[in-house]
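In this note's numbering, the protein residues as written are 2 to 257.
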């Protein structure tokens, strides 16, 4: 199965981090968050990726074009113009990097990679800025079992503030950063039939608006509920949270 990764966004809320690189190339530890997402999929046997490029897409191209330099020991013989790899630790990935337009919306990017998906029964899709300990294998099985066109991972986001239970001014209970308000949201991890691309008009189409609304109206959008860890990287605060978990050796999304 293939996985489509939307990696063309600007990521303006990350400030200076995205002045010179696209948001998916912002590091968590020593590797871009895009690498972490790919490792998540790879741990479930998904190793064929289609990466939708946009803002500063050449940074992603150069990273993977020189991937073995980032992951292996090498000897460079300048005099003889040769390069010897001593320890190749590269993953078994096949990566197709597609220029999907600087200003394309999420739906437009998906439509632009349609030629690479025409022979697929189903494919995975996600954004280049979120991690989870999602059971991707189970979500794929769930999608195949219900037989409809689209599956999304429903998640409950972590709370940002402590919650109080009150009787007048008396605090009955306190919970530090509870899980959201109980509502399920779109976690950004999809399993899709290529037929959903017919729901997208063009570059200006936002996947999360009319295409998903139409799929829901027609009964073709189902939710795979994920009660475990989930975190997107929208802000510098989010990045610091993810970085702290990774450096502690307790990153919940590290399923490999």
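Glycine included, every Cβ here is placed at the ideal spot set by N, Cα and C.
Please list the terminal residues of the continuous alpha helix (DSSP H) segment that includes residue i.
i	result
residue 239	237–249
residue 35	34–43
By the three-class DSSP mapping on this structure, what secondary structure does residue i have?
i	result
residue 329	There is simply no residue 329 to check, as the chain begins at 2 and stops at 257 in what is shown.
residue 70	helix
residue 15	helix
residue 111	helix
residue 93	coil
residue 159	strand
residue 51	strand
residue 142	helix
Per DSSP, what are the beta-bridge partners of residue i in this structure?
i	result
residue 149	None, per the DSSP bridge assignment.
residue 85	76
residue 28	33
residue 8	54
residue 252	According to DSSP, residue 252 bridges with nothing at all.
How big is the Cα-Cα spacing for residue i and residue j?
i	j	result
residue 11	residue 139	32 Å
residue 72	residue 106	33 Å
residue 213	residue 39	24 Å
residue 60	residue 195	28 Å
residue 53	residue 218	28 Å
residue 185	residue 8	24 Å
residue 14	residue 237	7 Å
residue 30	residue 244	6 Å
residue 34	residue 3	19 Å
residue 198	residue 78	49 Å
residue 206	residue 64	29 Å
residue 156	residue 75	43 Å
residue 45	residue 145	16 Å
residue 240	residue 249	14 Å
residue 148	residue 92	32 Å
residue 226	residue 153	8 Å
residue 81	residue 69	20 Å
residue 143	residue 50	21 Å
residue 125	residue 47	9 Å
residue 128	residue 158	16 Å
Quick one: give me the first and last residue of the beta strand (DSSP E) that residue i is part of.
i	result
residue 131	131–133
residue 192	186–193
residue 2	Premise fails: residue 2 is in no beta strand (DSSP E) and is neither H nor E.
residue 56	Note, residue 56: premise wrong, no beta strand (DSSP E); not H, not E.
residue 126	124–128
I want to check one thing, is the minimum distance from the CB of residue i to the heavy atoms of the ligand GDP below 6 Å?
i	result
residue 37	Here there are no bound small molecules, and the ligand GDP is not part of this structure.
Under a CB-based cut-off of 7 Å, is residue i close to chain C?
i	result
residue 20	In the displayed structure, chain C is absent; only one protein chain is listed.
Query raised in the report: Going along the chain, which unbroken runs of the alpha helix (DSSP H) with 4 or more residues stay wholly within the region 204–240?
Result: For the region 204–240, whole alpha helix (DSSP H) runs of length 4 or above, ordered along the chain, are 211–218.
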